[in-house]
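Below is one structure, written out as structure tokens, with a few remarks after it.
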Amino acid sequence: MLESHAYLLPKLCDELGRLYGGRAVKVLDLGCGNGYVANQLSKLGYDVVAVDQAEDGIEVARTAYPHVRFELVSLEEERLVDLIGEVDCVVSLEVLEHLFSPRRLFEQSAKLLRPGGHLILSTPYHGYLKNLAISLVGGWDRHFEVEREGGHIKFFSPATLRRMAEGCGFALARWCGAGRVPWLWKSLVVVCEKVSRGR
């Protein structure tokens, strides 16, 4: 289990419970990595399908959790919609910040979701107080980990997430912080409701 799952999974499960009240709705885990979250959601009774573009991650997921449907497909591929079909909820944890075109995640989710469906995503939190605290301790070099392969290339606030969501046919229903103390959170968890067909 990744460290982030310890503080993100309880928030995700709370939101799914609030939205669907334990009904066995169809959930897509978009950017599923090693499949841990998809497996946990499946154990709670959700009808889960999970996708990732990393072949090694999908291989690990299929081996560890053979009862969950995993597909090797990129968010960029148009066939994603035909492959998966309509879902009630799209879940995407700590994926958005890695995308050169993050709007694509919203656009594809809008195509996949049934009318009134929901997108629940998380991304690292970057707010004024947290950024100030990092600055005061001289922590930006360590925070950005510039020598590590991959990593975060986009940084979001609730305002920028709202603009992107609304531009793709969603209403941002609510957000909350996760991990660490308030206003120094590690991540934002955002719930968006589909209000129109994505552009």
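Sequential numbering from 325 applies to the sequence shown in the numbering used here. We treat Cβ as the ideally placed atom computed from N, Cα and C, and that holds for glycine.
message = Taking 8 Å as the cut-off, does the stretch 496-505 touch the stretch 425-441 (at least 3 CB pairs, one atom from each stretch)?
response = The stretch 496-505 and the stretch 425-441 do not touch, with fewer than three beta-carbon pairs separated by less than 8 Å.
query = Helix or strand or just coil, what does DSSP make of E395?
reply = On the sequence shown, residue 395 is found 71 positions in, with the first residue counted as 1. In the structure shown, E395 sits in a strand (DSSP, three-state: E or B).
ask   = When the Cβ atoms of the stretch 396-411 are set against those of the stretch 476-489, are three or more pairs found closer than 8 Å?
value = Verdict: no, contact absent.
inquiry  = Once DSSP output is grouped into helix, strand and coil, what is the label at W499?
reply    = Locating residue 499 in the sequence shown gives position 175, where the first residue counts as 1. The answer is strand: DSSP assigns W499 an E or B state.
key: Residues near Q364 by beta carbon distance below 7 Å, same chain, minus five either side   = Position 40 of the sequence shown, counting from 1, holds the residue named residue 364. Excluding residues within five positions, the ones whose Cβ falls inside 7 Å are L333.
query = Should V444 be labelled buried (16 or more other beta-carbon atoms within 10 Å of its own) or exposed?
reply = In the sequence shown, the residue the question calls residue 444 occupies position 120. Reading off the sequence shown, one finds Ile at residue 444, where the question assumed Val. Residue burial annotation: I444 is buried, with at least 16 other C-beta atoms found within 10 angstroms of its C-beta.
query = By a C-beta neighbour count over all protein chains shown, 10 Å radius and 16 as the cutoff for buried, is P448 buried or exposed?
reply = Along the sequence shown, one-based indexing puts residue 448 at 124. With 16 or more other CB atoms across the displayed protein chains lying within 10 angstroms of its CB, P448 is buried.
task = Just confirm the distance between the C-beta atoms of E339 and V515, as a whole number of angstroms; I'd bet it's less than 8 Å.
result = The residue labelled residue 339 in the question sits at position 15 within the sequence shown. The residue labelled residue 515 in the question sits at position 191 within the sequence shown. Going by Cβ atoms, the distance from E339 to V515 rounds to 6 Å, so yes, they are a contact pair.
task = Name the one or two DSSP bridge partners that P448 has.
result = Within the sequence shown, numbered from 1, the residue matching residue 448 stands at position 124. DSSP output for P448 lists S511 as bridge partner(s).
ask   = Closest by CA to G440, which one among L429, E401, C413 and F430?
value = Along the sequence shown, one-based indexing puts residue 440 at 116. The candidate whose alpha carbon is nearest that of G440 is C413.
message = Suppose you measure from the CA of C500 to the CA of V513; what does that come to, to the nearest Å?
response = Counting from one through the sequence shown, the residue named residue 500 turns up at place 176. Counting from one through the sequence shown, the residue named residue 513 turns up at place 189. The alpha-carbon atoms of C500 and V513 are separated by roughly 5 Å.
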